[in-house]
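Remarks on the structure that follows.
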Amino acid sequence: MSEIVIGISDFKVSNNINDVLVTYALGSCVGVTIYDPAVKVGGLLHFMLPESSLDMRKAGENPAMFADTGIPLLFKACYELGAKKKRMIVKVAGGASILDDANFFRIGQKNVTAMKRLFWKNNVLVEGEDTGSNFNRTFSIHISTGKVFVRTAHNGTRELV
Amino acid sequence: MISDKILKSIKNIPAFPAVAMKLMALIDDPNYSIMDVADVLKYDQAITANMLRICNSAYFGLRHKVVTINDAVMRLGQQNIVRAVQAAGVSTFYKKAKGYGLEANKLWEHSVGVALMTQILSKRIFNCEDAKLYTTALLHDIGKVIMGEFVDESFPQIHNLVLKEGISFLDAEEKIIGINHAELGGRIASQWNFPKDMRDAIIYHHRPDLMQDEDNNGAWLVYLADQACIMMGIGLGSDGLAYKGLSEVIIKFKLRQRDFEECIMLMFEDLDRAREVIGMI
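Chains A and B, in that order, give the protein sequences.
Numbering of the first sequence is given in the numbering used here, commencing with residue 4 and proceeding in unit increments.
Numbering of the second sequence is given in the numbering used here, commencing with residue 60 and proceeding in unit increments.
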């Protein structure tokens, strides 16, 4: 098995059953995995901020930075490998926040909200979710099985179902 | 009660490099010159060598190699030199840092991220960069270098307190270990004879609201920059995001959420260019 690391504001897709896509240190950022079991095609996105309207130039250079430009891109890249939207299994993790949820530091919630709004508008169901709270998450997907895992300091590695 | 083991670890921490210390005093004087900087540098071979390597890294994008201190100072300007020297001086302390579930250079990456972010914030808010603040920010988590081992040992208890009582990781550290990493950093800063404003910025970097000196903007900037890096997962450890959000910081600096997010994007650009510096230690 080969581990493919996805950095912040980045995404990767794969149809190689030896691949494990993984992203480390999700704080307020959000990780999205999608997987089509029929063709064994999957992808992982690690986006950073909710709205591309913050900086359209940046969004052009690096669409994976924002929820509203990164998520469509992730889906399209999987379609190109033969995945179909109706078969797609979607799981999400991250979007943690600083304690007390002072308005100013609400990037985590804003990220999760922007993502869900997008999914809702496009009739996409989220089948597994581990978001919010205040801890650091590592998020991964095995292309061979579509299994998705979340690792935290206090719980170790657990499958997200 | 702080254990003897921790007190002993503090005592054993090496002295802060004399050159970096002299440079700090120098840049505090608004009339310092480039020649003063070169003068201070020439007494420390190791730092000079390290600094030259950093100057020749992609971060500064120079076309011709810099080989002497005078060269470096002339070509890069004093602000960049000061940053490079302070980074070279401080990095040695983070080299072997372990703990908080982090790999060795992650705490260093976090420190550089926070230092870069303080400069971006300072530029946006006060229209100027601040070399002293940069150094302070590089050192804000110096306490973690010692705390790491103790936090890892007691992690289940600390995490449990955060979870059950809803207190911050900082308060939980104090309850379980007897001291928190910010306070411990302050003790190291005292041992190094740092000026009070720098020491306070280290001690209060998670709670600038508890600081008596209301004019110490540096502590608030380090706080804000630290929160940004924590949220963005830069060198994020087992303590996660379990720190207190202080919304008064918005009013204090008249920042909009949008400004904050824009600064975060700029910080990633700077951090990308600084990768080589981070990788060198």
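Glycine included, each C-beta is placed from N, C-alpha and C at the ideal position.
The structure displayed is predicted, hence computed values, not measured ones.
{"Query": "Secondary structure, alpha helix (DSSP H): runs of 4+ residues fully inside the region 103-128 of chain A", "Result": "110-124"}
{"Query": "Contacting residues, own chain, Cβ-Cβ under 8 Å from residue 340 of chain B (five flanking each side not counted)", "Result": "The predicted position of residue 340 of chain B is uncertain, since its pLDDT is 48 and thus under 50; a value taken from the coordinates is nonetheless stated next. If we look at residue 340 of chain B and ignore the five residues flanking it on each side, its Cβ neighbours are 150, 151, 153, 154, 164, 167."}
{"Query": "Short CB-CB distance (under 8 Å) between residue 290 of chain B and chain A", "Result": "yes"}
{"Query": "Sub-8 Å separation of residue 29 of chain A and residue 9 of chain A beta-carbons", "Result": "no"}
{"Query": "Under 8 Å between C-beta atoms of residue 86 of chain A and residue 39 of chain A", "Result": "yes"}
{"Query": "Which of helix, strand or coil DSSP assigns to residue 49 of chain A", "Result": "strand"}
{"Query": "Simplified DSSP assignment, three categories, for residue 340 of chain B", "Result": "Any reading at residue 340 of chain B needs caution, since the residue's pLDDT is 48, under 50, leaving its predicted position unreliable; the model's value is listed next. Coil at residue 340 of chain B, not helix or strand."}
{"Query": "Endpoints, alpha helix (DSSP H) assigned at residue 111 of chain B", "Result": "104-114"}
{"Query": "Contacts of residue 302 of chain B in chain A (Cβ-Cβ under 7 Å)", "Result": "101, 102"}
{"Query": "Euclidean distance between Cα positions of residue 183 of chain B and residue 189 of chain B", "Result": "12 Å"}
{"Query": "Through-space distance from residue 100 of chain B to residue 329 of chain B, alpha-carbon basis", "Result": "25 Å"}
{"Query": "Paired residues, beta bridge with residue 151 of chain B - DSSP", "Result": "Partner(s): none; residue 151 of chain B has no beta bridge."}
{"Query": "Three-state class that DSSP yields for residue 223 of chain B in the structure shown", "Result": "helix"}
{"Query": "Cβ pair count under 8 Å reaching 3, the region 241-261 of chain B against the region 274-282 of chain B", "Result": "yes"}
{"Query": "Any chain A beta carbon closer than 8 Å to residue 341 of chain B", "Result": "Since the first residue of chain B shown is 60 and the last is 340, residue 341 of chain B is not available in this structure."}
{"Query": "Beta-carbon proximity check, residue 300 of chain B vs residue 138 of chain A, cutoff 8 Å", "Result": "yes"}
{"Query": "Alpha helix (DSSP H) segment containing residue 27 of chain A, residue limits", "Result": "Looking at the DSSP string, residue 27 of chain A is not in any alpha helix (DSSP H); the run it does join, the beta strand (DSSP E), is 22-29."}
{"Query": "Residues bridged to residue 54 of chain B [DSSP beta-bridge criterion]", "Result": "Not covered by the structure: residue 54 of chain B. The range shown for chain B is 60 to 340."}
{"Query": "Near-chain B residues of the region 7-36 of chain A - C-beta to any C-beta below 7 Å", "Result": "11, 28, 29, 30, 31, 32"}
{"Query": "Nearest-angstrom beta carbon gap, residue 79 of chain B and residue 32 of chain B [assumed within contact, 8 Å]", "Result": "One cannot answer for residue 32 of chain B here, as it falls past the ends of chain B, which runs 60 to 340."}
{"Query": "Near-chain B residues of the region 42-58 of chain A (beta-carbon distance less than 8 Å), N- to C-terminal order", "Result": "51, 52, 57, 58"}
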